[in-house]
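**Q** Submitted below is the structure of interest, expressed as structure tokens.
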Amino acid sequence: MFSNDKIFNKIAEALLVDYSSVYYVNALTNEYQWYSVDPEFHSLHIEHGGEDFFKNIVRDADKVVYEEDKPIFMDGFKKEKLLADIKKGTMQSIEYRLMIDGKPVYHTLRLIRGIEDDEDYFILGVINIDERVRDRERLRQAEHERAIYTRISESLAAYYDVLLYIDSDSGNFSEFSFDKKTGTICVTNEGNNFFSSLTVMINNNFYRFDKKNVLRALTKEKLIEELSDKKQYTLEYRIVSNGEPIHTRLTAMWSSDRSHFIIGIENIEEQLKKEREHLKALKIANEMARRDELTGIKNKNAFYELEKTVQSNLDNGLDYLPFAIVVCDINNLKLINDTLGHKAGDEYIKSSCKLVCNIFAHSPVFRVGGDEFVVFLRSSDYENRSTLIEDLHNQVVENMKKKEGPIVASGMAVYDPRNDKLFTDVFERADTMMYENKKWLKKGALEKHMHGPDSLDAPLPLERKKKLDALFEAFSVVADGTYVYICDMKYDYSRWSKSAVKCFGLPSEYMLGAGGIWEKHIHPEDAEVYHSGISAVFSGNALGHDMQYRARKLNGDYVLCTCRGVVIRDPNEIPEFFCGSIRNHGIQGHIDPLTGLRNQYGFFEDIEANMVKNTEMRICMIGIGKFSEINEVYGYHFGNIVLQKFGRYMFENISSSESIYRLDGTKFAVISTSLTVA
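Here it is as structure tokens:
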């Protein structure tokens with residue numbers, strides 16, 4: 001039989017198996033005994049004791065308790081508080097960390113037996129709870145991470161109207177949707193063979209023009225291929241809802257284990273609407289940034305962009321599209337501002353702008369300075385540039401006579417592809433001519449510049465102006481197929497045929513110093529001969545001239561011209577008028593001499609004109625087969641008759657909106673500007 005003491009020891013050891021240390025403390029004397037528990041043999045060992053439990057426990061704690069936990073530990077071992085709590089049975093366990101092998105290890109100290117009425121001792125036990133605490137921390141961390149993952153998943157799911165989780169092997173799937181009220185993901189449908197049932201779903205719900213593309217893009221093989229080298233695969237299409245197509249975006253990705261496809265489907269109709277509104281707002285903002293606040297026309301920023309674009313075209317060889325620049329400057333703006341105030345000045349600027357815009361109604365107008373405007377002439381305004389600039393001049397002169405309305409000086413220059421390498425070359429010439437015009441306008445009634453055929457203002461007396469016009473009309477009657485020019489030699493003031501102005505890009509029908517202006521158009525190799533001849537006429541050493549030279553047209557090409565002129569003298573034998581005509585030998589250069597049709601040069605010229613006007617056109621190419629056999633059997637003369645008759649037949653059978661051309665040999669072409677094809 002076992003002794004009672006031994007039995008009690010074994011029971012105690014079994015009960016204390018979870019404790020690493022046990023303290024037996026006398027509450028009256030503070031004496032204590034410390035026992036340690038052997039975890040392998042479940043036995044108690046007496047370690048040591050002492051005379052003052054509270055003093056020694058605090059001393060030892062300062063050495064082994066983790067620094068951050070010392071305040072809690074020390075507070076818990078204040079004798080008066082601890083004994084009071086033990087007697088009341090309200091002592092709380094003290095959790096702290098001991099430094100063991102340099103690492104903090106969680107422990108807890110709890111009351112095993114309190115002080116009874118007839119006893120004066122209590123028992124405290126220390127349990128190593130490190131593993132338990134760390135498990136608890138890991139569990140809490142895992143739960144925290146799961147909560148975060150759930151919130152992330154729900155946040156991501158909120159972007160999609162539908163989420164699909166598809167087994168890549170079996171095709172089994174679950175369909176989820178986001179409940180906006182609860183903020184959670186809900187399973188709304190489950191099924192089998194997702195890819196097999198996809199065809200029926202697409203045919204029933206997708207927009208008809210998107211069905212084929214979606215069927216090709218949403219196969220299992222296609223998803224695997226697309227996701228082999230990218231994280232996501234995106235597809236946009238339209239589904240039909242209440243009879244209306246709704247833009248939708250599908251985003252596919254692998255699950256983390258690459259065993260399932262995750263597909264998110266979202267309605268992007270509102271997003272696209274906002275993007276369109278944003279782009280519209282940007283367009284309006286960009287347009288506003290290019291608009292002059294006072295006048296509403298394009299500003300200096302827009303002009304610089306135009307200059308950059310045109311220069312880029314010139315640098316890249318796109319110099320086949322003609323253009324001209326008109327520079328305008330408001331007269332007396334500073335005077336108006338100083339005398340009438342800036343409000344009146346602003347109104348004057350707006351009325352000047354309106355005048356320029358009304359004249360050049362089909363061209364962009366830019367305000368590039370306080371009193372300066374620039375017009376970029378293209379299309380119909382470019383073709384009618386001489387008439388338009390003359391209209392502007394005439395209106396300004398009319399305003400001067402009536403002493404009401406804006407006075408705007410202007411100058412025009414035409415792009416010359418042979419000599420102009422920079423956009424600024426054209427601008428500077430126009431600017432120079434504007435300042436010349438400004439000088440004439442400022443001279444006012446004393447010596448005004450001639451601006452048009454009906455103006456009474458000219459740098460010569462009215463009677464001489466009438467005589468100049470009469471001579472011009474007389475010469476024009478007999479000048480068949482030539483350009484007429486009449487120059488008042490006393491005032492060096494001339495009138496030229498409008499057709500010459502248009503062909504060669506001259507400033508206007510009426511010109512001061514026309515000889516110098518025309519000399520700039522003469523070919524460099526012919527310039528010396530021309531200059532000598534004109535000098536002889538104006539110095540009085542020649543009665544006239546008859547010469548040939550090459551002159552540069554508006555498009556930069558040179559044509560051969562024959563110029564004949566005669567000097568008309570007054571009764572005192574003083575040279576008064578220099579009158580003559582210029583024959584352009586290249587004026588028929590666009591006509592095929594055999595058929596009378598426009599040739600390949602005319603063909604390309606008309607295509608270019610239609611492009612400038614943004615006119616829609618259709619081109620039909622026609623060829624006569626085996627024509628060489630006709631020439632061989634019947635001779636070239638007969639072949640030419642065939643070409644003439646064919647050209648005549650085509651000419652008589654095309655509509656008024658069509659033009660026929662002989663290009664080369666037996667090749668013909670038709671350009672149609674009709675919207676329908678017969």
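So that you can map any letter, position 656 of the sequence shown is 656 in full-length UniProt numbering, and since no number is skipped, the others follow by simple counting.
Glycine residues also receive a C-beta, built at the ideal position from the N, C-alpha and C atoms.
Can you give me the start and stop residues for the alpha helix (DSSP H) that residue 636 sits inside?
**A** By one-based count along the sequence shown, residue 636 stands at place 636. Note, residue 636: alpha helix (DSSP H), 636-653.
**Q** Can you tell me whether residue 454 is buried or exposed? The criterion is at least 16 other CB atoms within 10 Å of its CB, across all chains shown.
**A** Within the sequence shown, the letter at position 454 stands for residue 454. Low per-residue confidence applies at residue 454: pLDDT is 35, beneath 50, and the placement is therefore not dependable, though the value from the model is reported in the following sentence. Its Cβ having fewer than 16 others within 10 Å, residue 454 is exposed.
**Q** Assign residue 59 to one of two classes, buried (16 or more other C-beta atoms within 10 Å of its C-beta) or exposed (fewer than that).
**A** Counted from its first residue, the sequence shown places residue 59 at position 59. So residue 59 counts as exposed.
**Q** Can residue 415 and residue 322 be called in contact, C-beta distance under 8 angstroms?
**A** Counting from one through the sequence shown, the residue named residue 415 turns up at place 415. Counting from one through the sequence shown, the residue named residue 322 turns up at place 322. Cβ distance < 8 angstroms, so residue 415 and residue 322 count as in contact.
**Q** Rounding to the nearest angstrom, what Cα-Cα distance links residue 210 and residue 196 in this structure?
**A** Position 210 of the sequence shown, counted from the start, is the residue given in the question as residue 210. Position 196 of the sequence shown, counted from the start, is the residue given in the question as residue 196. When rounded, the distance between both Cα atoms is 19 angstroms.
**Q** Within its chain, find whatever has a CB closer than 6 angstroms to the CB of residue 172; leave out the 5 residues flanking it on each side and keep chain order.
**A** On the sequence shown, position 172 is the one that residue 172 refers to. Contacts found: 192.
**Q** How many angstroms separate the CA atom of residue 489 from the CA atom of residue 385?
**A** In the sequence shown, counting from the first residue as 1, residue 489 sits at position 489. In the sequence shown, counting from the first residue as 1, residue 385 sits at position 385. Each residue's alpha carbon lies about 27 angstroms from the other.
**Q** For the pair the region 596-605 and the region 661-675, tell me if three or more CB-CB distances fall below 8 angstroms.
**A** Result yes; three or more Cβ-Cβ pairs closer than 8 angstroms.
**Q** Classify residue 234 as helix, strand or coil using the three-state DSSP reduction.
**A** Working through the sequence shown from its first residue, we reach residue 234 at position 234. Three-state DSSP puts residue 234 in a strand.
**Q** So residue 561 packs on residue 590, CB below 8 angstroms; how close in whole Å?
**A** Looking up residue 561 in the sequence shown gives position 561. Looking up residue 590 in the sequence shown gives position 590. Contact flag wrong, Cβ pair sits at about 17 angstroms.
**Q** Leaving out the 5 sequence neighbours to the left and right, which residues in its chain are closer than 7 angstroms to residue 632 when beta-carbon positions are compared?
**A** As a working mapping, residue 632 is identified with position 632 in the sequence shown. If we look at residue 632 and ignore the five residues flanking it on each side, it has no Cβ neighbours.
**Q** Quick one: using the 10 Å Cβ neighbour count with 16 as the cut-off for buried, is residue 339 buried or exposed?
**A** Looking up residue 339 in the sequence shown gives position 339. Residue 339 comes out exposed.
**Q** Taking buried to mean at least 16 other C-beta atoms within 10 Å of its own C-beta, is residue 409 buried or exposed?
**A** Here residue 409 corresponds to residue number 409 of the sequence shown, with the count starting at 1. Buried, by the Cβ-count rule.
**Q** Does residue 406 pass the burial test, meaning 16 or more other C-beta atoms within 10 Å, or should it be called exposed?
**A** Here residue 406 is taken as the residue at index 406 of the sequence shown, counted from 1. By the neighbour-count rule (16 or more Cβ atoms within 10 Å), residue 406 is buried.
**Q** In whole angstroms, what is the alpha-carbon distance linking residue 542 and residue 566?
**A** Within the sequence shown, the letter at position 542 stands for residue 542. Within the sequence shown, the letter at position 566 stands for residue 566. If you take the alpha carbons of residue 542 and residue 566, they lie about 9 angstroms apart.
**Q** Do the region 339-354 and the region 302-310 meet, that is, are 3 or more Cβ pairs less than 8 angstroms apart?
**A** Touching, no.
**Q** Any chance the region 327-343 sits against the region 248-261, with 3 or more Cβ pairs inside 8 angstroms?
**A** No, the region 327-343 is not in contact with the region 248-261.
**Q** Kindly list the residues whose CB is nearer than 7 angstroms to the CB of residue 120, restricted to its own chain and excluding five residues on each side of it in sequence; keep chain order.
**A** Residue 120 sits at position 120 when you count from the first residue of the sequence shown. 26, 27, 28, listed in sequence order.
**Q** Please state if the CB of residue 569 and the CB of residue 546 are separated by a distance shorter than 8 angstroms.
**A** Residue numbering aside, residue 546 sits at position 546 when the sequence shown is read from its first letter. Residue numbering aside, residue 569 sits at position 569 when the sequence shown is read from its first letter. No. Outside cutoff.
**Q** Have a look at 35, 470, 429 and flag the residue whose alpha-carbon is nearest the alpha-carbon of residue 49.
**A** Taking the sequence shown and counting its residues from 1, one reaches residue 49 at position 49. Ranking the options by Cα distance to residue 49, first place goes to 35.
**Q** Could you check if residue 393 is buried or exposed, using at least 16 other CB atoms within 10 Å of its CB as the buried criterion?
**A** Within the sequence shown, numbered from 1, the residue matching residue 393 stands at position 393. Buried, by the Cβ-count rule.
**Q** Considering only the alpha carbon of each residue, which of 311, 298, 313 lies closest to residue 357?
**A** Numbered from 1 along the sequence shown, position 357 holds the residue referred to as residue 357. Ranking 311, 298, 313 by Cα distance to residue 357 puts 298 first.
**Q** In chain order, what residues of the same chain lie with their CB nearer than 8 angstroms to the CB of residue 346, ignoring the 5 residues before and after it?
**A** Position 346 of the sequence shown, counted from the start, is the residue given in the question as residue 346. Hits under 8 angstroms: 294.
**Q** Below 7 angstroms CB to CB, which residues in the same chain sit around residue 344 once its five sequence neighbours on both sides are set aside?
**A** Sequence index remark: in the sequence shown, residue 344 carries index 344 (1-based). Closer than 7 angstroms at Cβ, skipping near neighbours: 336.
**Q** I'd like the span of the beta strand (DSSP E) that includes residue 667, first residue to last.
**A** Indexing the sequence shown from 1 puts residue 667 at position 667. Residue 667 -> beta strand (DSSP E) spans 667-672.
**Q** For residue 96 versus residue 135, is the C-beta spacing smaller than 8 angstroms?
**A** For the purposes of this step, residue 96 is identified with residue 96 of the sequence shown, where counting begins at 1. For the purposes of this step, residue 135 is identified with residue 135 of the sequence shown, where counting begins at 1. No, Cβ-Cβ distance for residue 96 and residue 135 is not below 8 angstroms.
**Q** Can you tell me whether DSSP reads residue 424 as helix, strand or coil?
**A** Residue numbering aside, residue 424 sits at position 424 when the sequence shown is read from its first letter. Residue state, collapsed to three classes: helix.
**Q** To the nearest angstrom, how far is it from the Cα of residue 362 to the Cα of residue 614?
**A** Start at 1 with the first residue of the sequence shown, and residue 362 comes out as number 362. Start at 1 with the first residue of the sequence shown, and residue 614 comes out as number 614. Cα to Cα, the separation comes out at about 12 angstroms.
**Q** Measure the beta-carbon distance from residue 577 to residue 487 and round it to whole angstroms, keeping in mind my assumption that it falls under 8 angstroms.
**A** By one-based count along the sequence shown, residue 577 stands at place 577. By one-based count along the sequence shown, residue 487 stands at place 487. Indeed they touch by this definition, with Cβ atoms about 7 angstroms apart.
**Q** Do residue 125 and residue 112 come within 8 angstroms of each other at the CB atom, strictly closer than that value?
**A** Position 112 of the sequence shown, counted from the first residue, corresponds to residue 112. Position 125 of the sequence shown, counted from the first residue, corresponds to residue 125. Yes, the pair counts as a contact, with Cβ atoms nearer than the cut-off.
**Q** Assuming residue 485 is part of the beta strand (DSSP E), what are its boundary residues?
**A** Taking the first residue of the sequence shown as 1, we reach residue 485 at position 485. Start and end: 483-488.
**Q** Determine whether the beta carbon atoms of residue 248 and residue 237 lie at a separation below 8 angstroms.
**A** Residue numbering aside, residue 248 sits at position 248 when the sequence shown is read from its first letter. Residue numbering aside, residue 237 sits at position 237 when the sequence shown is read from its first letter. Closer than 8 angstroms, so yes.
**Q** When you compare the CB positions of residue 599 and residue 662, do they come within less than 8 angstroms of one another, or not?
**A** Residue 599 sits at position 599 when you count from the first residue of the sequence shown. Residue 662 sits at position 662 when you count from the first residue of the sequence shown. Yes. Within cutoff.
**Q** In terms of DSSP beta bridges, what is residue 660 paired with?
**A** Against the sequence shown, residue 660 aligns to sequence position 660. Residue 660 pairs with 670.
**Q** In the DSSP assignment, find the beta strand (DSSP E) that holds residue 362 and state where it starts and stops.
**A** For this step, residue 362 is matched to residue 362 along the sequence shown. From DSSP, residue 362 is part of no beta strand (DSSP E); its letter is neither H nor E.
**Q** Have a look at residue 311 and residue 423 and give me their C-alpha separation to the nearest angstrom.
**A** As a position in the sequence shown, residue 311 is number 311, starting the count at 1. As a position in the sequence shown, residue 423 is number 423, starting the count at 1. Roughly 6 angstroms separates the two Cα atoms.
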